[in-house]
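Start counting the sequence shown at 257; every next residue gets the next number (the working numbering). What follows is a single structure, written as structure tokens, with notes after it.
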Amino acid sequence: MSMLLAVLFGAVVGFALGLTGGGGGVFAVPLLVFGLGVEPREAVGISLAAVGGTAISGALPRLLRNEIELRTGLLFAVSGMLGAPIGAYLSKFVPGNVLLTLFALLMFVVAYRMWQKSKNPAVIVPAANCEPGADRSTCQRDEDGKLILTSKCARLLVLVGIATGLLSGMFGVGGGFVIVPALVLFSGMAIHRAIATSLFVIVLISLSGFTSHLLGGKDFNWALTLQFLVGGFAGMGLGSMLARKLKGPTLQKIFATAVALVAIFVIAKSTLL
Numbered sequence: 257m258s259m260l261l262a263v264l265f266g267a268v269v270g271f272a273l274g275l276t277g278g279g280g281g282v283f284a285v286p287l288l289v290f291g292l293g294v295e296p297r298e299a300v301g302i303s304l305a306a307v308g309g310t311a312i313s314g315a316l317p318r319l320l321r322n323e324i325e326l327r328t329g330l331l332f333a334v335s336g337m338l339g340a341p342i343g344a345y346l347s348k349f350v351p352g353n354v355l356l357t358l359f360a361l362l363m364f365v366v367a368y369r370m371w372q373k374s375k376n377p378a379v380i381v382p383a384a385n386c387e388p389g390a391d392r393s394t395c396q397r398d399e400d401g402k403l404i405l406t407s408k409c410a411r412l413l414v415l416v417g418i419a420t421g422l423l424s425g426m427f428g429v430g431g432g433f434v435i436v437p438a439l440v441l442f443s444g445m446a447i448h449r450a451i452a453t454s455l456f457v458i459v460l461i462s463l464s465g466f467t468s469h470l471l472g473g474k475d476f477n478w479a480l481t482l483q484f485l486v487g488g489f490a491g492m493g494l495g496s497m498l499a500r501k502l503k504g505p506t507l508q509k510i511f512a513t514a515v516a517l518v519a520i521f522v523i524a525k526s527t528l529l
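In structure tokens form, the structure reads like this:
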């Protein structure tokens with residue numbers, strides 16, 4: 257029975273990752289702790305391995321289809337890894353319920369911004385359909401939608417990446433639910449490419465976190481992780497298939513709704529602390 261639950265829960269996490277490029281850690285840890293009775297510290301390690309492994313299964317085919325912006329993804333991944341430890345350190349000085357409430361408020365703002373963007377799809381890729389010089393934003397794109405990575409744009413993306421990592425480290429959740437809107441809102445990336453790039457970033461960050469977990473000598477359940485991964489691969493396939501069928505604005509509305517639901521979940525969790 258526990259094996260079936262592990263596969264089912266893994267499928268839920270994989271489906272969320274495939275559809276929205278986020279939600280893995282947010283869903284995985286509570287499912288492991290409350291659904292399978294795993295100790296919280298061990299659940300974090302399993303979540304990192306399962307989410308990272310599942311994200312690989314979604315990132316590889318997208319990489320082959322040239323849907324991932326490698327330069328932008330690497331900028332976010334490296335700078336995010338720098339910001340995460342800082343966020344984790346700062347979180348020690350703020351009560352847990354306050355942190356969760358602040359994070360939930362941030363998620364509501366992100367959900368609102370993403371929903372508003374979905375009403376005007378032309379805003380998603382700012383410079384793609386504009387006359388040369390018409391767009392005054394820091395990061396612009398050429399006629400093919402390719403990011404023009406100037407030094408000014410690179411600095412902005414590094415700063416946003418550090419802030420993203422800081423938020424993830426500070427609040428303990430976030431991942432793709434922070435990365436995807438950051439890519440859309442600050443780099444002008446289309447939602448489908450943002451989801452693909454987010455999966456790539458999640459793979460790198462999860463690998464870093466999982467390695468730290470193992471080097472720390474913490475307990476790890478390999479069998480449960482494999483069961484979770486089996487379900488995760490199936491869920492990733494279904495989520496990715498559905499995401500490809502949805503138009504950009506529709507997918508952004510689904511993403512915004514998912515972020516709002518996560519915010520509600522976080523608020524509910526904070527009241528229990």
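Just so you know, even glycine gets a beta-carbon here, dropped at the ideal spot from N, CA and C.
For L403, which residues does DSSP report across the bridge?
Walking along the sequence shown from the start, residue 403 turns up at place 147. Note: L403 sits in a beta bridge opposite R397.
Between the beta-carbon of L422 and the beta-carbon of I342, is there less than 8 Å?
Locating residue 422 in the sequence shown gives position 166, counting from the first residue. Locating residue 342 in the sequence shown gives position 86, counting from the first residue. Against a cut-off of 8 Å, the Cβ pair of I342 and L422 comes out as a contact.
Using the rule of at least 16 other Cβ atoms within 10 Å of the residue's Cβ for burial, across every protein chain shown, is R397 buried or exposed?
For the purposes of this step, residue 397 is identified with residue 141 of the sequence shown, where counting begins at 1. Looking at its Cβ environment, which holds 16 or more other Cβ atoms inside 10 Å, R397 is buried.
Three-state class that DSSP yields for K509 in the structure shown
Position 253 of the sequence shown, counted from the start, is the residue given in the question as residue 509. Correct three-state label for K509: helix.
Using a Cβ-Cβ cutoff of less than 6 Å, which residues in the same chain neighbour C409 once the five nearest sequence positions on both sides are dropped?
Taking the first residue of the sequence shown as 1, we reach residue 409 at position 153. Closer than 6 Å at the Cβ level, and outside the excluded window around C409, lie T394, C395.
Where does G270 fall in DSSP's three states?
In the sequence shown, residue 270 corresponds to position 14, counting from 1. It is helical.
Alpha-carbon spacing of G473 relative to A306, whole angstroms:
Stepping through the sequence shown from its first residue, residue 473 is reached at position 217. Stepping through the sequence shown from its first residue, residue 306 is reached at position 50. Rounded to whole angstroms, G473 to A306 spans 18 Å at the Cα level.
Close beta carbons around T276, own chain, < 6 Å, minus the five adjacent residues each side
Position 20 of the sequence shown, counted from the start, is the residue given in the question as residue 276. Cβ within range, chain order: F511, A514.
Can you tell me which of the three DSSP states P351 falls into?
In the sequence shown, counting from the first residue as 1, residue 351 sits at position 95. Of the three classes helix, strand and coil, the one that applies to P351 here is coil, per DSSP.
Are V457 and G329 close, meaning C-beta to C-beta below 8 Å?
Within the sequence shown, numbered from 1, the residue matching residue 457 stands at position 201. Within the sequence shown, numbered from 1, the residue matching residue 329 stands at position 73. Yes, these two residues count as a Cβ contact at 8 Å.
Specify the secondary structure class of A315 as computed by DSSP and reduced to three states.
Your numbering for residue 315 matches position 59 in the sequence shown. Helix.
Could you give the distance in angstroms between the alpha-carbon of M445 and the alpha-carbon of L498?
One-based indexing of the sequence shown puts residue 445 at position 189. One-based indexing of the sequence shown puts residue 498 at position 242. Each residue's Cα considered, the two are about 20 Å apart.
Since F265 and G291 should fall inside the 8 Å C-beta cutoff, what is the C-beta to C-beta distance between them, to a whole number of angstroms?
To locate residue 265, count along the sequence shown from 1; it is residue 9. To locate residue 291, count along the sequence shown from 1; it is residue 35. The pair is a contact, with the Cβ atoms about 6 Å apart (cut-off 8 Å).
Please classify F476: does DSSP put it in a helix, a strand, or coil?
Start at 1 with the first residue of the sequence shown, and residue 476 comes out as number 220. Looking at F476 - three-state DSSP - the assignment turns out to be coil, as it is neither helix nor strand.
Please classify V294: does DSSP put it in a helix, a strand, or coil?
Locating residue 294 in the sequence shown gives position 38, where the first residue counts as 1. DSSP places V294 in coil when its eight states are reduced to three.
For the alpha helix (DSSP H) that I461 lies in, which residues bound it at each end?
Within the sequence shown, the letter at position 205 stands for residue 461. Here the alpha helix (DSSP H) through I461 covers 447-471.
Which of helix, strand or coil DSSP assigns to L502
The sequence position of residue 502 within the sequence shown is 246, counting from 1. Note: L502 maps to coil in three-state DSSP.
Starting from I435, follow the alpha helix (DSSP H) in both directions and report where the run begins and ends.
Numbered from 1 along the sequence shown, position 179 holds the residue referred to as residue 435. From DSSP, the alpha helix (DSSP H) with I435 extends over 432-443.
If you draw a straight line from the alpha carbon of V518 to that of Y368, how long is it in whole angstroms?
Here residue 518 refers to the residue found at position 262 when the sequence shown is read from its first residue. Here residue 368 refers to the residue found at position 112 when the sequence shown is read from its first residue. One C-alpha to the other measures close to 13 Å.
For I324, three-class secondary structure by DSSP
Here the question's residue 324 lines up with position 68 in the sequence shown. Correct three-state label for I324: coil.
Is the segment 437-455 touching the segment 413-421 in the sense that three or more CB pairs, one from each, lie closer than 8 Å?
yes
When DSSP labels each residue in this structure, what does K375 get in the three-state scheme?
In the sequence shown, counting from the first residue as 1, residue 375 sits at position 119. Note: K375 maps to coil in three-state DSSP.
Cβ neighbours of S258 in the same chain (closer than 7 Å, five flanking residues each side left out)
In the sequence shown, residue 258 corresponds to position 2, counting from 1. Around S258: L292.
Beta-carbon proximity list for M426, same chain, < 6 Å, skipping 5 on both sides
Locating residue 426 in the sequence shown gives position 170, where the first residue counts as 1. Result list for M426: G343, L346, S347, in chain order.
Measure from the alpha carbon of A272 to the alpha carbon of each residue in A262, F283, E399, then state which is nearest.
Working through the sequence shown from its first residue, we reach residue 272 at position 16. Here the closest residue by C-alpha is F283.
Using DSSP with H/G/I as helix, E/B as strand and the rest coil, what is G417?
Sequence index remark: in the sequence shown, residue 417 carries index 161 (1-based). The answer is helix: DSSP assigns G417 an H, G or I state.
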